[in-house]
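Asks: Let me give you the structure first, and then I'll get to my questions.
Protein chains: 2
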Amino acid sequence: MNIGEVAERCGLPAKTIRYYEDIGLVRPARSENGYRSFAERDVHKLTFLSRARSLGFSIEDCRALLELYEDRSRASADVKRVAEQHLARIQAKIAELEAMQGTLADLVTRCHGDDRPDCPILEGLARQREA
Amino acid sequence: MNIGEVAERCGLPAKTIRYYEDIGLVRPARSENGYRSFAERDVHKLTFLSRARSLGFSIEDCRALLELYEDRSRASADVKRVAEQHLARIQAKIAELEAMQGTLADLVTRCHGDDRPDCPILEGLARQREA
DNA sequence: CTTGACCTTCCAGTTGATGGAAGCCCCACA
DNA sequence: TGTGGGGCTTCCATCAACTGGAAGGTCAAG
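These protein sequence lines are chains A and B, in that order. Under our numbering, think of the first position of the first sequence as 1, with each following residue one higher. Under our numbering, think of the first position of the second sequence as 1, with each following residue one higher.
Here is the structure:
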């Protein structure tokens, strides 16, 4: 199977698949003409990667997860640990964004947004952290 | 004022301040010895930048906001527009992370996390999007 | 006069791709 | 047989926003 079809099936751009090969996440065979030749197994791995990336796992996490995925004698605890750490990072990030959102929404609400120069948003940004 | 003191006062690493000069966000004077020599005004701009960055504004947004900040004849509507767009991006990002969090939290809950190999997390990642 | 803190510039690396150029390969159609 | 087009190849550059580190100048204290 050529890269175009694989791209379609796993939902990743061809460019990304080549990149994943570069960094050693997949190792497709090669046809005589030099084209990459993907087996079903490669497509599964790429689909797995696509899903893991879409859940926000880093490439290095994906590498670890893929290794566990292929290791029939893995301990699910190892998988769970990776996932829990990632979940914690996501939750921290959400909290951070919510804090930003709170501050920013407040400033935006207080700005009348007309053609006059006075602006609580700029004042809020300029203020030396007394708030 | 030397860069170290400025860094302390505005809450940005010296390295970052140099970077901001590189990309033209500040233009501190120079002393005879070649050291950067910051005026109060520079410190204010850097503090402004620090706050804006901590609210997640991109460097280009910061550049625009800084320009508005220094323009006494600005229209607050221009500031508000930038802020609203950024707010929308933040909210979209929160939604995205919450979706990830939902899926991931579910998988984590269902994984027993012991030394056996069967693992709903890996199964969830491998599944070809029927869920 | 030396030590150590602070400053300088410059170059490389981070993350995860993405864009584009230059150039094969292959198939169909005239 | 040639030509066109789409798909494939590699390689290099670029994005954001820094950050780390090397090599070296400056300055104040002891």
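Glycine is no exception: its CB is placed at the ideal position from the N, C-alpha and C atoms. Just so you know, these numbers come straight off a predicted model, no measurement behind them.
Under the DSSP definition of a beta bridge, which residues are partnered with S37 (chain B)?
Replies: According to DSSP, which records beta bridges pairwise, S37 (chain B) is partnered with B:A29.
Asks: Within a Cβ cutoff of 8 Å, which residues of the same chain sit near G11 (chain B), ignoring the five residues on either side of it in sequence?
Replies: Counting only Cβ-Cβ distances below 8 Å, and skipping sequence neighbours, we find T47 and S50.
Asks: Please classify F147 (chain A): does DSSP put it in a helix, a strand, or coil?
Replies: There is simply no residue 147 (chain A) to check, as chain A begins at 1 and stops at 131 in what is shown.
Asks: Got a sec? Which residues, its chain only, sit under 8 Å from D78 (chain B) by beta carbon, not counting five neighbours each side?
Replies: Within the same chain, D78 (chain B) has close Cβ partners L68.
Asks: Mind checking R36 (chain B): buried by the 16 CB within 10 Å criterion, or exposed?
Replies: R36 (chain B) comes out buried.
Asks: Report yes or no: is there a C-beta of chain A within less than 8 Å of the C-beta of E60 (chain B)?
Replies: No, no contact with chain A.
Asks: Determine, for R76 (chain B), whether the minimum Cβ-Cβ distance to residues of chain A falls below 8 Å.
Replies: Before going further, note that residue 76 (chain B) is Ser rather than Arg in the sequence given. Output row for S76 (chain B): interface = yes.
Asks: Please report the residue range of the alpha helix (DSSP H) in which H112 (chain A) lies.
Replies: No alpha helix (DSSP H) contains H112 (chain A), which DSSP labels as neither H nor E.
Asks: Starting from the C-beta of A29 (chain B), find all residues in its chain whose C-beta is less than 6 Å away, skip the five residues before and the five after it, and write them out in chain order.
Replies: Cβ neighbours of A29 (chain B) beyond the five flanking positions: S37.
Asks: Any chance the CB of R89 (chain A) is under 7 Å from a heavy atom of the ligand MN?
Replies: As far as ligands go, the structure on display features none, and thus does not contain the ligand MN.
Asks: For D61 (chain A), report the span of its alpha helix (DSSP H) as first-last.
Replies: Here the alpha helix (DSSP H) through D61 (chain A) covers I59 to E70.
Asks: How far does the alpha helix (DSSP H) with I17 (chain B) in it reach, from first residue to last?
Replies: Start and end: A14 to D22.
Asks: Take R74 (chain A) as the anchor and find which of B:E84, B:D115 and B:H44 has the nearest alpha-carbon.
Replies: For the residues B:E84, B:D115 and B:H44, the minimum Cα distance to R74 (chain A) belongs to B:D115.
Asks: Anything in the region 25-51 of chain B with a Cβ closer than 8 Å to a Cβ of chain A? List those residues in chain order, please.
Replies: Within the region 25-51 of chain B, the residues whose Cβ lies closer than 8 Å to some Cβ of chain A are H44, T47, F48 and R51, listed in chain order.
Asks: Beta-carbon of Y20 (chain B) versus every beta-carbon of chain A: anything under 8 Å?
Replies: No, its Cβ sits nowhere closer than 8 Å to a Cβ of chain A.
Asks: Below 8 Å on the Cβ atoms is my contact criterion, and I expect L107 (chain B) with A83 (chain A) to pass it. Report the Cβ-Cβ distance as a whole number of Å.
Replies: L107 (chain B) to A83 (chain A), Cβ: 6 Å. Contact.
Asks: My understanding is that I94 (chain B) touches L97 (chain A), with C-beta atoms under 8 Å, so please give their C-beta distance in whole angstroms.
Replies: Contact holds; Cβ gap of about 5 Å.
Asks: For P13 (chain A), return the contacting residues in chain B, with the cut-off set at a CB-CB distance below 7 Å.
Replies: None at all; the shortest Cβ gap to chain B is about 17 Å.
Asks: Where do the ends of the alpha helix (DSSP H) carrying L122 (chain B) lie?
Replies: Segment P120 to A126, the alpha helix (DSSP H) holding L122 (chain B).
Asks: Could you tell me whether the Cβ of D106 (chain B) comes closer than 8 Å to any Cβ of chain A?
Replies: Closer than 8 Å: no.
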